[in-house]
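No gaps in the numbering here: position 60 of the sequence shown is 60 in UniProt numbering, and each next residue is one more. Note that the Cβ used here is the ideal one computed from N, Cα and C, for glycine as well. A short worksheet on the structure shown next.
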Amino acid sequence: MIGNKYSNIINSKLSENLALRDIKTNWKQIKQVDNITMYSTIYQNYQVKLTKFEGNASINFEKASQYFFDSLDAQKQNREMCDQLIKLETIDQDTIVILFQTKSKFVVSSRYSLCVVHRRRLNNNEIMITRDQIDDHQNTPKIDAIKVEAKFGVIFLKKINENTTQIEMYQLLDPKGSIPVSLINSMQEKQFEALLKDLQSIQKM
Numbered sequence: 001m002i003g004n005k006y007s008n009i010i011n012s013k014l015s016e017n018l019a020l021r022d023i024k025t026n027w028k029q030i031k032q033v034d035n036i037t038m039y040s041t042i043y044q045n046y047q048v049k050l051t052k053f054e055g056n057a058s059i060n061f062e063k064a065s066q067y068f069f070d071s072l073d074a075q076k077q078n079r080e081m082c083d084q085l086i087k088l089e090t091i092d093q094d095t096i097v098i099l100f101q102t103k104s105k106f107v108v109s110s111r112y113s114l115c116v117v118h119r120r121r122l123n124n125n126e127i128m129i130t131r132d133q134i135d136d137h138q139n140t141p142k143i144d145a146i147k148v149e150a151k152f153g154v155i156f157l158k159k160i161n162e163n164t165t166q167i168e169m170y171q172l173l174d175p176k177g178s179i180p181v182s183l184i185n186s187m188q189e190k191q192f193e194a195l196l197k198d199l200q201s202i203q204k205m
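Below, the structure is given as structure tokens:
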């Protein structure tokens with residue numbers, strides 16, 4: 001059991017994050033590249049769809065865990081719309097607080113989120129990394145942007161062998177404000193492209 005000032009947030013969201021893998025029906029396949037497939041589905045009353053990315057990747061399990069937990073600079077470089085992805089505080093070896101901010105594009109204002117990132121070992125061969133939204137943080141710089149609702153940002157990593165890892169990523173970000181659905185869908189596909197770049201980055205580690 002973890003014990004830090006964000007324990008209540010992390011533990012209260014745990015069952016909801018784990019339950020994402022129990023959603024077996026109504027996934028619509030959007031895109032597939034190599035062994036990674038992108039799906040989406042309606043989740044509760046959200047207008048923005050829940051997206052899932054899954055497949056077996058030729059990456060090392062421990063390196064993948066390290067990368068998705070704290071390789072923020074590399075993740076930023078792989079996301080063309082990312083303006084800031086910075087660590088605001090280290091809580092413990094498996095918990096940090098981050099700020100994510102997008103660039104403005106056309107008529108769409110910059111968006112940002114504050115999240116506590118937690119890495120939890122589910123068993124010897126499986127790790128879950130969560131990004132749970134928090135309201136504020138004392139180290140947040142002054143931001144001229146709209147805060148999103150970061151409902152889900154969850155990654156499950158499962159070791160298949162030394163050079164193969166099964167990955168499942170779930171994301172639901174409500175950007176708030178008036179954004180065309182077509183643009184939101186385009187942004188979700190950009191996330192798929194970013195994930196593919198992430199996997200290439202892990203292979204080089």
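Q | 7 Å Cβ shell around PHE192 - same chain, five flanking residues per side excluded | A | Taking the first residue of the sequence shown as 1, we reach residue 192 at position 192. Excluding positions up to five away in sequence, the list reads LYS31, MET38 and PHE53.
Q | MET187 - DSSP class collapsed to helix/strand/coil | A | Taking the first residue of the sequence shown as 1, we reach residue 187 at position 187. In this structure, MET187 counts as helix in the three-state DSSP scheme.
Q: Return the CA-CA distance between GLU168 and SER71, expressed in angstroms with no decimal places.
A: The residue you call residue 168 lines up with position 168 of the sequence shown. The residue you call residue 71 lines up with position 71 of the sequence shown. Whole-angstrom Cα-Cα distance: 18 Å.
Q | Local Cβ density within 10 Å of GLY153, reported as buried at 16 or more and exposed below that | A | The residue labelled residue 153 in the question sits at position 153 within the sequence shown. Under this definition GLY153 is a buried residue.
Q) Among GLU16, LYS63, ASP34 and ALA57, which residue has its Cα nearest to the Cα of TYR43? A) Here residue 43 corresponds to residue number 43 of the sequence shown, with the count starting at 1. Nearest C-alpha to TYR43: GLU16.
Q. In chain order, which continuous runs of the alpha helix (DSSP H) of length 4 or greater are located wholly inside the stretch 62–126?
A. 72–77
Q: Between the Cα of ASN163 and those of GLN188, MET81, ALA64 and ILE36, spot the shortest distance and give me the residue it belongs to.
A: Translated into the one-based positions of the sequence shown, residue 163 becomes position 163. It is ALA64.
Q.
On the criterion of 16 or more Cβ atoms from any shown chain inside 10 Å, does ASN11 qualify as buried, or is it exposed?
A. Within the sequence shown, numbered from 1, the residue matching residue 11 stands at position 11. Its Cβ having fewer than 16 others within 10 Å, ASN11 is exposed.
**Q.** Straight-line gap, ASN123 to LEU14 (C-alpha atoms, nearest Å)
**A.** Against the sequence shown, residue 123 aligns to sequence position 123. Against the sequence shown, residue 14 aligns to sequence position 14. If you draw a straight line from the Cα of ASN123 to the Cα of LEU14, it comes to about 15 Å.
Q. What residues are listed by DSSP as bridge partners for GLU168?
A. Locating residue 168 in the sequence shown gives position 168, where the first residue counts as 1. Answer by DSSP bridge pairing, in chain order: GLU54 and PHE156.
(Q) Check whether the stretch 71–80 and the stretch 129–142 touch, using three or more Cβ-Cβ pairs below 8 Å as the test. (A) no
Q) Which residues bound the beta strand (DSSP E) around SER40? A) The residue labelled residue 40 in the question sits at position 40 within the sequence shown. Looking at the DSSP string, the run of the beta strand (DSSP E) that includes SER40 is 36–41.
Q: Using a threshold of 8 Å, state whether the C-beta atoms of ASN4 and THR95 are closer than that.
A: To locate residue 4, count along the sequence shown from 1; it is residue 4. To locate residue 95, count along the sequence shown from 1; it is residue 95. Result yes, Cβ atoms of ASN4 and THR95 sit closer than 8 Å.
Q | Whole-angstrom C-beta distance between ALA145 and ARG119, which should lie under 8 Å | A | On the sequence shown, residue 119 is found 119 positions in, with the first residue counted as 1. On the sequence shown, residue 145 is found 145 positions in, with the first residue counted as 1. With a Cβ gap of about 27 Å, ARG119 and ALA145 do not count as contacting.
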